[in-house]
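> Numbered as in the working numbering, the sequence shown ends at 1196 without a single skipped number. Glycine included, every Cβ here is placed at the ideal spot set by N, Cα and C.
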Amino acid sequence: MYDDLSAVDFENKFEYISYRFPREITRIRSEFKDDTCLKCSVIDDDDTVYEAFGCHYDIKRACDIACFRLGELLLKSVPSFVMPPYLIGFPNIRGHCFLIAAVLPIFYSFPIMSRLFRLNCDTVLEVNLGLGRRRPSKRPRIETPRMWVQSLYKCYKDFHKISIDGYYEMLNLGYIQKKVLPECRNDPDLPDHPVNPRKDILMDVVLIRGVCNMLGNYCDNDYLKPGGDECQAYGFIMSKLCYSNPELFGEFMFRFKTTSACGNCCGGPFSFEFAVPYINVPLATNFQALLRNPVLLGNSQKLSHAHYEPLYCPGKLRDIDFCEYLEHPDILCLRYEFGTVDEEINVPNTLWLTVKEESKKYKRLCSSVVIKCYTNEQGEAYPPFYRKPIAGDRFDIWHTYLQIRTQHGWYEVNNGEIFPVDTRLFKVATPGSLHFYQSAENSSFLPDLVREFVNYYPDR
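#1: Rounded to whole angstroms, what is the Cα-Cα separation between F817 and V778?
#2: Let me confirm a value: L741 is counted as buried when at least 16 other C-beta atoms fall within 10 Å, else exposed. Which label applies?
#3: Going by beta carbon distance, what residues of the same chain come within less than 7 Å of Q984, once the five residues before and after it are set aside?
#4: Should I1107 and H1064 be called a contact, given that it needs their Cβ atoms to be closer than 7 Å?
#5: Relative to the alpha-carbon of N1151, which residue among R805, K775, G831, R797 has its alpha-carbon at the smallest distance?
#6: State the Cα-Cα distance for the pair A798 and Y1122, rounded to the nearest angstrom.
#7: Would you be able to state if there are at least three C-beta pairs under 8 Å between the stretch 930-937 and the stretch 792-809?
#8: Just checking my contact of L855 with V814 at CB under 8 Å: how many whole Å lie between their CB atoms?
#9: Answer yes if the stretch 1097-1107 comes into contact with the stretch 1169-1176, meaning at least three C-beta pairs across the two stretches below 8 Å, and no otherwise.
#10: I think I1015 touches L1033, with their Cβ atoms under 8 Å apart; what is that distance to the nearest whole Å?
#11: For V1105, which option in R1141, K1097, N1082, T1166 has the closest C-alpha, if you only look at C-alpha atoms?
#12: Looking only at its chain, what residues have a beta carbon closer than 6 Å to the beta carbon of I829, apart from the 5 residues adjacent to it on each side?
#13: Is it the case that the stretch 1153-1168 contacts the stretch 1079-1091, given that we only count it when at least three CB pairs across the two stretches are under 8 Å?
#14: Might you give, ordered along the chain, the residues of its own chain that have their beta carbon closer than 7 Å to the beta carbon of K935, omitting 5 neighbours on each side?
#15: Is H1041 helix, strand or coil by DSSP?
#16: Are the beta-carbon atoms of G952 and L960 separated by less than 7 Å?
#17: Touching or not, the stretch 990-1001 and the stretch 1053-1071, by the rule of three or more beta carbon pairs under 8 Å?
#18: In terms of alpha-carbon separation, which member of P1119, G1003, V1077, L907 lies closest to T1021?
#19: Does DSSP put H896 in a helix, a strand or coil?
#20: Taking the C-alpha atoms as reference points, what is the distance between P918 and Y1061?
#21: Within the same chain, show all residues whose beta-carbon is closer than 8 Å to that of Y822, passing over the 5 residues directly before and after it, in chain order.
#22: Measure the beta-carbon distance from D1066 to E987 and round it to whole angstroms, keeping in mind my assumption that it falls under 8 Å.
#23: Nearest to R1130 by CA position, among P1120, E1113, G1145, R882, is which residue?
#24: Under DSSP, the alpha helix (DSSP H) around I973 begins and ends at which residues?
#25: Helix, strand or coil: how does DSSP classify Y752 here?
#26: In or out: S754 buried (at least 16 other Cβ within 10 Å) or exposed?
#27: State buried or exposed for E751, treating a residue as buried only when at least 16 other CB atoms are found within 10 Å of its CB.
#28: G1034 lies in the alpha helix (DSSP H); which residues open and close that run?
#29: How about V1017: is its C-beta nearer than 7 Å to some C-beta of chain B?
#30: Quick check on this structure: which residue in D958, S975, D956, D894 has the alpha carbon closest to the alpha carbon of D940?
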């Protein structure tokens, strides 16, 4: 039986806001068997009581059923409980900075996490009632139903526990480096054993053994190596979630319909519907102007759609002359195309999307920033922050970090540390960057900040 949603889980979630979690148990004897009726309740600091009941002959299942119903009640009455309270980041030890920029928008998005919470509750309840299928202990070749929901939510639970404190220290950096980096395994100066607290190890495990391994095993083996594209990683995660739960397409994907010719055959015209995890924005193109021009947007997505008229054709779309948006999603994600351009494009904090003459407002939650990192003449790497190269500097690697809106304004998450936002790149669309918006009614769900743990980089 899963413990994904249990009494212990709720105690952890509510610890940071001083919730108490009493449970009352009553045995009910019937003609055929003994049942347990269990009440779970949460009492906040204002003495407001939220309570729910569960009944089952197994006391653990009765508790889980009550927790399921209590979760539904809390999500309706106190929806912010499902969100991570403070802004934190992931450590970047293996060169997976791009993955941090892909995962944090998901974990700090209320539309996504509230939906995953509901789906996970449904799955756990089905298993507890003997109606659902348990997650296999070994990695299956083909994803089982809701495997992505359960795995991603499990990662989120560990992330949430660390977020309650609002910070963590990299006490085991040397230990992790010695374990995972070949060039550090024989270094006598690095420790052989971890020290407590091991929050940095847990965060590394969540990112690598959780999300990264899922992407590497079921999407692309390249994710098991350093380096990557945050837009592609985000697209894989959201596509897997939606294809395993089709009811999510209208909420998390941008859906539209096109009419076009085919670049591979002489048939057509063809009319197809598409659902994409993010909108590709061409270089030197204004975000809002693109949304106002459906035909331009359709032609900018580099779409293909296989068809069999008269024989199989991979169906590369060309000359899209009609494009219609189908519905308003809860989130709106845009990718600024990778390339070189002289014109600087500003990232708006607000976007409007009009579908069937109805306009909806979206507010920006976060943006990734893609920069070049350099080494000096001696081959020593500069810190992973934006800098203009000087004579003798050499390009080293690409680096990605995230700018995110908090209750105290905009800050950046860079390799697990929090910094004030770099004003030189604030609201600037860097090539290959990801920009995450959510509907205005969900824009109030923002993380708090533990200011004493904000770092300051002097060379700005």
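Short version:
#1: Position 81 of the sequence shown holds residue 817. Position 42 of the sequence shown holds residue 778. C-alpha separation (whole angstroms): 12 Å.
#2: Locating residue 741 in the sequence shown gives position 5, counting from the first residue. In this prediction, L741 scores a pLDDT of 41, lower than 50, which makes its location untrustworthy; the coordinate-derived value is nonetheless stated afterwards. With 16 or more Cβ atoms within 10 Å of its Cβ, L741 is classed as buried.
#3: Indexing the sequence shown from 1 puts residue 984 at position 248. Before going further, note that residue 984 is Leu rather than Gln in the sequence given. Taken in chain order, the residues that qualify are R851, L977, C978.
#4: Locating residue 1107 in the sequence shown gives position 371, counting from the first residue. Locating residue 1064 in the sequence shown gives position 328, counting from the first residue. Result no, Cβ atoms of I1107 and H1064 do not sit closer than 7 Å.
#5: Locating residue 1151 in the sequence shown gives position 415, counting from the first residue. Taking only the C-alpha atoms, the option nearest N1151 is G831.
#6: Within the sequence shown, numbered from 1, the residue matching residue 798 stands at position 62. Within the sequence shown, numbered from 1, the residue matching residue 1122 stands at position 386. Using only the alpha carbons, I get a separation of about 54 Å.
#7: no
#8: One-based indexing of the sequence shown puts residue 855 at position 119. One-based indexing of the sequence shown puts residue 814 at position 78. Between V814 and L855 the Cβ distance is about 19 Å, and since that is not below 8 Å, they are no contact.
#9: With a cut-off of 8 Å, the stretch 1097-1107 and the stretch 1169-1176 count as touching, because enough Cβ pairs lie within range.
#10: By 1-based counting over the sequence shown, the position of residue 1015 is 279. By 1-based counting over the sequence shown, the position of residue 1033 is 297. Indeed they touch by this definition, with Cβ atoms about 7 Å apart.
#11: Along the sequence shown, one-based indexing puts residue 1105 at 369. Nearest C-alpha to V1105: T1166.
#12: Start at 1 with the first residue of the sequence shown, and residue 829 comes out as number 93. Only I912 meet the Cβ criterion.
#13: yes
#14: Looking up residue 935 in the sequence shown gives position 199. I898, Y904.
#15: Residue numbering aside, residue 1041 sits at position 305 when the sequence shown is read from its first letter. It is coil, neither helix nor strand.
#16: Residue mapping note: residue 952 aligns to position 216 of the sequence shown, counting from 1. Residue mapping note: residue 960 aligns to position 224 of the sequence shown, counting from 1. Closer than 7 Å, so yes.
#17: Counting C-beta pairs closer than 8 Å gives three or more between the stretch 990-1001 and the stretch 1053-1071, which meets the contact rule.
#18: Along the sequence shown, one-based indexing puts residue 1021 at 285. That would be V1077, whose Cα lies nearest to the Cα of T1021.
#19: As a working note, residue 896 is residue 160 in the sequence shown. In the displayed model, H896 falls within a helix according to three-state DSSP.
#20: On the sequence shown, residue 918 is found 182 positions in, with the first residue counted as 1. On the sequence shown, residue 1061 is found 325 positions in, with the first residue counted as 1. Straight-line Cα distance between these residues: approximately 50 Å.
#21: Sequence index remark: in the sequence shown, residue 822 carries index 86 (1-based). Result list for Y822: S899, I900, D901, G902, Y903, P1183, D1184, L1185, V1186, in chain order.
#22: Residue numbering aside, residue 1066 sits at position 330 when the sequence shown is read from its first letter. Residue numbering aside, residue 987 sits at position 251 when the sequence shown is read from its first letter. Right, the Cβ-Cβ distance comes to about 5 Å (below 8 Å), so this counts as a contact.
#23: By 1-based counting over the sequence shown, the position of residue 1130 is 394. Taking only the C-alpha atoms, the option nearest R1130 is E1113.
#24: As a working mapping, residue 973 is identified with position 237 in the sequence shown. In the DSSP assignment, I973 falls within the alpha helix (DSSP H) that extends over 966-980.
#25: What you label residue 752 is simply residue 16 of the sequence shown in a count that begins at 1. Because Y752 sits at a pLDDT of 35, beneath the cut-off of 50, its placement in the model cannot be relied upon, and the point is left open.
#26: Counting from 1 along the sequence shown, the entry for residue 754 is found at position 18. Any answer about S754 is weak, because its pLDDT of 37 lies below 50 and its placement is not dependable; what the coordinates show is given next. Flag for S754 reads exposed.
#27: The residue labelled residue 751 in the question sits at position 15 within the sequence shown. Note that E751 has pLDDT 36, beneath the 50 cutoff, so the model's placement of it is unreliable and the number below is only indicative. It counts as exposed.
#28: The residue given as residue 1034 occupies position 298 in the sequence shown. Start and end: 1030-1035.
#29: Annotation note: the requested chain B is absent from the structure, which comprises a single protein chain.
#30: As a working note, residue 940 is residue 204 in the sequence shown. When each option's Cα is compared against that of D940, the closest is D894.
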